[in-house]
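In my numbering, the protein residues as written are 210 to 460.
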């Protein structure tokens with residue numbers, strides 16, 4: 210933690226924030242409830258993943274890094290993609306009713322939300338054209354609005370034909386955790402991480418950029434701001450120091 214030797218607070222006589230005060234707090238035995246930062250992917254690891262991923266895998270990873278849960282990513286149909294919306298390109302995530310063309314799946318808590326679609330995404334210098342990838346995938350699926358964007362069509366057809374049970378429905382792509390692990394292995398990553406850590410990377414990136422935790426919670430569909438704050442990699446003492454710097458010239 211970087212702390213100035215002295216941060217005088219004008220308007221408050223005889224008050225200073227100093228290293229010695231912080232030191233006394235740290236040495237007093239006072240316990241600060243800190244959680245270790247989540248182990249998400251590094252930019253270098255993501256670049257290696259994208260270098261070996263297929264087109265479908267690249268799309269899956271991109272949606273994970275845009276804040277999608279695995280089940281939400283797998284449930285995206287072509288009809289959910291809005292490239293020409295005046296408010297910007299996005300995907301609409303919402304609860305879906307089960308019928309002969311649509312699997313009953315949707316967002317956690319059945320809360321509808323939007324996922325913005327950037328034109329490109331960069332991973333340690335490696336640039337991926339997401340709009341181009343999605344356009345190619347949509348053409349590959351003959352622009353069928355019922356087609357699933359992020360799942361191999363053979364898995365969908367088996368489920369809709371009744372060849373796969375409810376347990377299989379929980380993982381539309383066969384065994385996605387295993388296939389995602391295989392993707393990491395191809396990228397030379399031995400410390401395997403869950404697909405959910407892509408979503409975690411999105412949350413921590415938003416918080417690191419300075420976005421308010423309440424806004425991030427709304428974007429990713431967290432039930433509470435407290436849940437979002439668990440992803441904040443900034444330590445509480447560094448936040449206190451930051452607040453002291455602001456107060457030093459605020460009055």
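We treat Cβ as the ideally placed atom computed from N, Cα and C, and that holds for glycine.
Residue environment: residue 272 is assigned as buried (16 or more neighbouring CB atoms within 10 Å of its CB, all protein chains considered). By the Cβ rule, the stretch 394 to 403 does not count as touching the stretch 420 to 436, because fewer than three pairs are nearer than 8 Å. Annotated as distal: residue 409 and residue 333, with beta-carbon spacing of 8 Å or more.
Taking the Cα positions, residue 426 is about 21 Å away from residue 284.
Measuring C-alpha to C-alpha distances from residue 442 to each of 414, 454, 451 and 458 identifies 414 as the nearest. The Cβ atoms of residue 266 and residue 392 sit closer than 8 Å to each other. The Cβ atoms of residue 430 and residue 322 sit closer than 8 Å to each other. Considering only 325, 276 and 281, the residue with the shortest C-alpha distance to residue 295 is 325.
A direct Cα-to-Cα measurement between residue 358 and residue 258 gives close to 20 Å. Counting the other CB atoms within 10 Å of its CB gives residue 385 a total of 16 or more, which places it among the buried residues.
A Cβ-Cβ distance of about 7 Å is found for the pair residue 405 and residue 278, placing them in contact under the 8 Å criterion.
With 16 or more other Cβ atoms from the protein chains shown falling within 10 Å of its own Cβ, residue 330 counts as buried.
A distance below 8 Å separates the beta carbons of residue 407 and residue 270.
Between the alpha carbons of residue 354 and residue 252 lies a distance of about 33 Å. With a 10 Å radius around the Cβ and a threshold of 16 neighbouring Cβ atoms, residue 297 comes out exposed. Annotation: residue 457 to residue 449 spans about 12 Å, alpha carbon to alpha carbon.
Taking 8 Å as the cut-off, the Cβ atoms of residue 260 and residue 335 count as close.
The DSSP assignment places complete alpha helix (DSSP H) segments of no fewer than 4 residues inside the stretch 279 to 311 at 279 to 283, in order along the chain.
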